[in-house]
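Notes follow the structure.
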Amino acid sequence: MANLSQTNLPDCWIFDRALFKWQRKTYVIVGVMDLRSRKLLTWDLLRPLKPKPTAAVLTSAMSTYGKPPALVVGIDPVFKSPDVQAIYAQAEVWPVNLRQGKASVSIFIRSLWRNLEWEGLSWRELPDEPSFRQVVADWLMHYNSDRPHQALGYEVPDERWRSARYQL
1 MANLSQTNLP
11 DCWIFDRALF
21 KWQRKTYVIV
31 GVMDLRSRKL
41 LTWDLLRPLK
51 PKPTAAVLTS
61 AMSTYGKPPA
71 LVVGIDPVFK
81 SPDVQAIYAQ
91 AEVWPVNLRQ
101 GKASVSIFIR
111 SLWRNLEWEG
121 LSWRELPDEP
131 SFRQVVADWL
141 MHYNSDRPHQ
151 ALGYEVPDER
161 WRSARYQL
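With full-length UniProt numbering, you'll find the sequence shown wraps up at 168, consecutive numbering, no jumps.
Next up, the structure:
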């Protein structure tokens, strides 16, 4: 990736998904992340991945946090579906391509999904699906509000979001 450091990252949101296997079932987590603060704005755990629930994740982020400065989306075909395209059109936000060679800024949200799998899920035996969903929710809340990030100067994403977005 050419010259993408914490100081010169573009001001954008990343809208992407990841797959998780649990008890022989495949779940898809879809989320929206603010790139500069690394805050996960909203997410949902879906089974299976379908366009309407995927569009609802982006709608939820925009209704809570407003219109994104720019939007980078994953490569999954669901992000090009008519339901999701309708949300782009309604908000007058069109996905931008910030790919440089084979790398992309999507690596930041993929790192979040990988950390969720390693730190949040890999060491736990969960008896049922509600427990699985609760562990995911708890870990993502921890990620946003308690977990310091070296790339953010050991701030947590919620602190960085507030300092970056609410300066007057």
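Glycine included, every Cβ here is placed at the ideal spot set by N, Cα and C. No experiment lies behind these values; they were computed from the predicted model shown.
Spatial distance of residue i from residue j (CA atoms)
{"i": "GLY66", "j": "ALA86", "result": "17 Å"}
{"i": "ARG16", "j": "TRP43", "result": "Per the sequence presented here, residue 16 reads as Asp, with Arg not at that position. Their backbone Cα atoms lie some 10 Å apart in a straight line."}
{"i": "GLN167", "j": "PRO148", "result": "The pLDDT assigned to GLN167 is 49, lower than 50, so where the model puts this residue is not dependable, and the model offers no usable value."}
{"i": "LEU121", "j": "SER81", "result": "30 Å"}
{"i": "ALA2", "j": "TYR143", "result": "At ALA2 the pLDDT is 46, less than 50, meaning the model places this residue with poor confidence and gives no usable figure here."}
{"i": "ALA61", "j": "LEU71", "result": "12 Å"}
{"i": "TRP13", "j": "SER63", "result": "14 Å"}
{"i": "PHE79", "j": "ARG47", "result": "16 Å"}
{"i": "ALA164", "j": "LEU19", "result": "31 Å"}
{"i": "PRO53", "j": "GLU155", "result": "32 Å"}
{"i": "VAL57", "j": "GLU119", "result": "24 Å"}
{"i": "PRO130", "j": "ARG110", "result": "24 Å"}
{"i": "GLN90", "j": "ILE75", "result": "21 Å"}
{"i": "ASP146", "j": "TYR27", "result": "25 Å"}
{"i": "GLN150", "j": "ARG114", "result": "16 Å"}
{"i": "PRO127", "j": "LYS25", "result": "14 Å"}
{"i": "LEU49", "j": "TYR88", "result": "18 Å"}
Run of the beta strand (DSSP E) containing residue i, from where it starts to where it stops
{"i": "ARG36", "result": "Counting along the chain, ARG36 falls outside any beta strand (DSSP E), and DSSP gives it neither H nor E."}
Residue i vs residue j beta-carbon contact at 8 Å
{"i": "LEU41", "j": "ILE29", "result": "no"}
{"i": "PRO68", "j": "VAL93", "result": "yes"}
{"i": "VAL84", "j": "ALA55", "result": "yes"}
{"i": "LEU152", "j": "LEU116", "result": "no"}
{"i": "ARG124", "j": "VAL135", "result": "yes"}
{"i": "TRP22", "j": "PHE132", "result": "yes"}
Continuous alpha helix (DSSP H) stretch holding residue i: start and end
{"i": "LEU112", "result": "107 to 115"}
{"i": "ILE75", "result": "Run containing ILE75: none; DSSP gives neither H nor E here."}
{"i": "LYS21", "result": "Careful: LYS21 lies outside any alpha helix (DSSP H), inside the beta strand (DSSP E) at 13 to 22."}
{"i": "LYS52", "result": "51 to 65"}
{"i": "HIS142", "result": "129 to 145"}
{"i": "ALA151", "result": "That residue, ALA151, is in no alpha helix (DSSP H); it is neither H nor E in DSSP."}
{"i": "PRO82", "result": "82 to 91"}
Presumed contact (8 Å Cβ cut-off) between residue i and residue j, rounded CB distance
{"i": "PRO10", "j": "VAL105", "result": "7 Å"}
**Report entry** At least three beta-carbon pairs within less than 8 Å, the region 149 to 162 to the region 29 to 37
**Finding:** A contact exists between the region 149 to 162 and the region 29 to 37.
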